[in-house]
Each structure stands twice: as structure tokens, then as C-alpha cells.
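**Q**
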Amino acid sequence: MKIGYELKHMETALKLAKYALDHGETPVACIFVHEPTNSVVAFGMNDTNKSRSGTSHAEFMGIAQILELQKKDEFPEHAIRFEDITLYVTVEPCIMCASAVQQIGIKKVIFGCGNDRFGGNGSVLSIQQDSYVVLPGILRKEAVLMLRNFYVMENDHAPEPRTKTNRKLDLQEFPPIPWKNYISEIDFKDTFGETAYREKYNSLEDLISDEKDIKWDLLEGRYDDILEILDSQITQKFTYKKQCIVKKA
Numbered sequence: 001m002k003i004g005y006e007l008k009h010m011e012t013a014l015k016l017a018k019y020a021l022d023h024g025e026t027p028v029a030c031i032f033v034h035e036p037t038n039s040v041v042a043f044g045m046n047d048t049n050k051s052r053s054g055t056s057h058a059e060f061m062g063i064a065q066i067l068e069l070q071k072k073d074e075f076p077e078h079a080i081r082f083e084d085i086t087l088y089v090t091v092e093p094c095i096m097c098a099s100a101v102q103q104i105g106i107k108k109v110i111f112g113c114g115n116d117r118f119g120g121n122g123s124v125l126s127i128q129q130d131s132y133v134v135l136p137g138i139l140r141k142e143a144v145l146m147l148r149n150f151y152v153m154e155n156d157h158a159p160e161p162r163t164k165t166n167r168k169l170d171l172q173e174f175p176p177i178p179w180k181n182y183i184s185e186i187d188f189k190d191t192f193g194e195t196a197y198r199e200k201y202n203s204l205e206d207l208i209s210d211e212k213d214i215k216w217d218l219l220e221g222r223y224d225d226i227l228e229i230l231d232s233q234i235t236q237k238f239t240y241k242k243q244c245i246v247k248k249a
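Under the UniProt record's numbering, the sequence shown has 89 at position 89, and the numbering climbs by one with no breaks.
(1) Go ahead and label residue 117 buried or exposed: buried means 16 or more other beta carbons lie within 10 angstroms of its beta carbon, across all protein chains shown.
(2) Suppose the cutoff is 6 Å on Cβ atoms and the five residues either side in sequence are ignored; what does the same chain contact list for residue 237 look like?
(3) Should the segment 54 to 69 be regarded as contacting the segment 174 to 190, the criterion being three or more beta carbon pairs within less than 8 Å?
(4) Using alpha carbons as the reference points, say which of 67, 208, 44 lies closest to residue 19.
(5) Which same chain residues end up closer than 6 Å to residue 65 when comparing Cβ atoms and leaving out the 5 residues on each side of it in sequence?
(6) May I ask you to report which of helix, strand or coil DSSP gives residue 9?
(7) Which of helix, strand or coil does DSSP assign to residue 45?
(8) Would you identify the three-state DSSP class for residue 164, choosing helix, strand or coil?
(9) Take residue 151 as the anchor and find which of 106, 26, 197 has the nearest alpha-carbon.
(10) DSSP state of residue 144, grouped into three classes?
Below, the structure is given as C-alpha cells:
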């Protein structure tokens, strides 16, 4: 595979999702990465349980964070453009969030697992079409298992899964991934290589098929310091950015 730092960023998003899970939320999280500097500029987690609001999705929380920083002049609008940002999210954005991403001008979305019921980037609708690029399946099994953990746990606010007849964590069976719904053959080859294309694209298999290659630490670890770490990274980045702008002025 030709991907590299994408795995690192998705790991960060999954750590946020695990934090959400450990604190009673649906384990869906995202980070916004500034491509020219390869640095995180915002992040979000689902807040639907705490807020009791159906619109408090991870993507909206991250966008709100960016807008709030702009208001405080900590994130000068001219310093970072949305078209230079890639969104990493553990689960395919819903139709509402996919539309929001399109409207603000983000040009690339990378996600873990599909959203069969509400997905806006290929599973149900393809909101993006020619407006931004979608790259699915990055650490997909980890994202799927994170959601299964959520449904297994006793959670009064959890949405009803399709069936609760067998609420045990299934470590063996994963749904096929219909690559063509999300990414063209050419883009798949360019991203993952010819070998991966021949072996995975039409067989609907994960990029990593072996269970032993699942990053279990992302599912079993606790990341109670992840918010502090990301806040610190963002603060340092924009303190430096503002200093550079002042010097140029």
C-alpha cells in the first residue's frame, strides 16, 4: 500500500472514538488535518447522548471548533483554507455531514467503516460526486469493532441496532466493502497499488484481512489524555502561525 501518514491520523481519530466510548458516547470521532503542514487543526466527537441533540455529530463539532477559533482570532481565516484540509473520520459521514463538508469546501474525506443506513459518501448517497475525494476502508475493522463494543455495552441512550438477539462482540465476521461505491478503480490503484487492486477491489475484501493485524490497542486502551494532547498541538500550531503573520506584517 502507498498510504502512510493516513494510518497515523486515523489512529488518532480512533483514539478519540475510544475516548467517546469510555465516556458514554457513540464511538465516532474525526480530526481535521491541514495538508500543507500535515497537522491537526481541529477535532470532534459525537455528542448526541450528552447533548440529546441529533445534530451533534463529530463532523459538526469539529467545524464548530474551527469557527470558534476564528471568532477568537486564534485561527485567522486567511491562514488556513478549508480546501487545504482533509477530514479523517472513523465512520462514513451521514448525508447531513457529507453535505456540510461539501458546502464548506473540504476536498478530501478519509473514513474507516461505511455507514449502511445513513452514509452520504457512497453507502446510501454519494453527496461528494465531483466536489471532493473519498478514501474509505482505512482501519475499517477497528472502526467496526469500536461500534460493536458500543452496542454490546449497556447504554440507555444507544440507538437500536438492527438486531439485539445476539449481543456479543463478533471478532470474525465483517461485512464486505463495496469499494466501487466509494472510490474509482483508477484512484484505488493510485492509492493502494496494483497488487491491492487485483486482490481486494472486486473481491470486496479489507486491505488488511488477517485478524492478527488488527490494532487491538486502539480498542482496548484508554486515551483519557487525548483531548489535552490535541488541544496542545492546535494551540502550539496557531501560536506559531500568528507569530509568523505578525512578523510578515
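Virtual Cβ for every residue (Gly too), placed ideally from N, Cα, C.
**A** So, from the data block:
(1) Residue 117 is exposed by the Cβ-count criterion.
(2) The answer, listed in chain order, is 39.
(3) Fewer than three Cβ pairs drawn from the segment 54 to 69 and the segment 174 to 190 lie within less than 8 Å of each other, which leaves the two stretches out of contact.
(4) Measuring from the Cα of residue 19, the nearest candidate turns out to be 44.
(5) Sequence-distant Cβ neighbours of residue 65 in its own chain, meaning closer than 6 Å and more than five residues away, are 42.
(6) Reduced to three states, the DSSP call for residue 9 is helix.
(7) Reduced to three states, the DSSP call for residue 45 is strand.
(8) Residue placement at residue 164 is poorly supported in this model, since its pLDDT is 43, which falls under 50; the coordinates are not used for a value here.
(9) When 106, 26, 197 are compared, the shortest CA-CA separation from residue 151 is found for 26.
(10) Looking at residue 144 - three-state DSSP - the assignment turns out to be helix.
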